[in-house]
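Have a look at the structure below before the remarks.
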Amino acid sequence: MAFIKINKDNYFYNLNECLKRVKDINKLIIILKDNAYGHDINIISDFALEFNVTYAAVKNQEEAQKIKDKFKNILILSQIPKYYEAKDNYVLAINDINYLNYVKKGDKIALKLDSGMHRSGINTHNLEDVLKLIKDKNLKLVSAFTHYSSPNNIKFQKPNYIKMKEYLEQNYDEELFFHSANSSTLFLGENDIDGAARVGLAQFGYCDVKANLKPVLSLWAEKISSRKIHKNDSIGYDEVFVSDDEFVAANYDLGYADGLLYYKGEGEVYLADDKSKILGKISMDSFSTYDLEDEVCVFDNALKYANYFNTNPYEALVRLNPNIKKIIV
Ligand SMILES: *Cc1c(COP(=O)(O)O)cnc(C)c1O
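So this is what it looks like as structure tokens:
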């Protein structure tokens, strides 16, 4: 059976690298959305708890439910408000002014500030109306945050964020928790405005900018069968691989249903050993390669693996089927 190894030491090492830059553990928000980027939300939330993380963030209420007893605060990033049921430790991100029609008195909320990514959030022109609504409805505004579209765009968005932050500080009585940096912003040292960070990818060992981190996840497959291949034999669907040699091939138990990126037999994809090629198209539940060990590592570096498919480690990781067995090492 295929499996994933999760390296606990590397996870702690990465969190420590993040904490060196945030300094205060209460300002380090760990993003656990999408099954903790494919690493398993139960396992990773337990690790984070052991590291004394107090603040986590997830995509929606369903994910929040899974970690509800573990963290002092859980930021819910993209919950559709009409289905929302608040809890004491939930903080709902307000992605649009109309969310305020649904939230109830006493619900904790965080204002998402659109400083120039134009994906979601409240913009400068709405800020006054939003504050008025919050006061009228007696909502508990506890935080405000923005998100940068790229390292390059920080210089354009940051001044807008600063202006909105100042407006809120001057016009709202309670103290607010401000945060703006994701992984790459943190490792660029651009979290100086608020000192906080929302760390997703970096905890798992990758970052779009220079950072000294260690991959946490490796993906392993087990051999299903092997056979002798003769010259001119093809392997797999649509005969995209035809052998010009005689060798022994084997089939392993991971395919695109498990979240492997789809390989249609063009270009070359190597396993973690950097020398064994995937032969032919991958199938729904398996791929073929040379007759290697009974257990082979498909990738232990999601960036290298993602590069074969012109994508990024985010996609390579989140596509992994949550049902793949996890082994903590
Ligand atoms: C996913 C997400 C993050 C984490 O981004 P990384 O690049 O993985 O660190 C931070 N903030 C928001 C709003 C997000 O949606």
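Just so we're aligned, residue 4 is where the sequence shown starts under this note's numbering, counting upward by one.
Don't be surprised by glycine CBs; every beta carbon is placed ideally from N, CA and C.
In this text the structure is predicted, and so the values were computed from the model without any measurement.
Cβ-based neighbour list, residue i, same chain, cut-off 8 angstroms, excluding 5 preceding and 5 following
i, result
"Q160", "S118, G119, M120, T149, Y151 and S152"
"S123", "S81, N98, D99, K115 and D117"
"I157", "Y151, T188, L191 and E193"
Residue environment, residue i, which counts as buried when at least 16 other CB atoms sit within 10 Å
i, result
"V251", "exposed"
"G192", "exposed"
"D248", "exposed"
"L201", "Reading off the sequence, residue 201 comes out as Arg, not Leu. Flag for R201 reads buried."
"N194", "buried"
Option in the options with minimal Cα separation from residue i
i, options, result
"N13", "M4, I47, L31 and I28", "I47"
"K213", "G258, K231 and T188", "T188"
"I79", "D49, N45, N55 and I33", "I33"
"N326", "K30, D72, N38 and L18", "N38"
"K36", "K329, K328, V332 and L320", "L320"
"M167", "I196, P154 and N101", "I196"
"S229", "L22, N254 and N29", "N254"
Reduced DSSP secondary structure (H/G/I, E/B, other) of residue i
i, result
"F312", "coil"
"K284", "coil"
"H121", "coil"
"R201", "strand"
"H233", "coil"
"N163", "helix"
"L114", "strand"
"C210", "coil"
"N126", "coil"
"Y255", "strand"
"A275", "coil"
"V61", "strand"
"Y175", "coil"
"V56", "coil"
Below-7 angstroms beta-carbon distance, residue i vs any chain D residue
i, result
"G192", "The structure shown has no chain D; it contains just one protein chain."
Cβ-based neighbour list, residue i, same chain, cut-off 7 angstroms, excluding 5 preceding and 5 following
i, result
"L134", "N174 and Y175"
Own chain residues within Cβ distance below 6 angstroms of residue i, not counting five before or after
i, result
"A305", "P316, A319 and L320"
"I77", "A59, A67, N92 and Y93"
Review point. Listed in chain order, which residues are found with a beta carbon closer than 5 angstroms to a heavy atom of ligand 1?
Key: I34, H150, N185, S186, R201, G203 and L204
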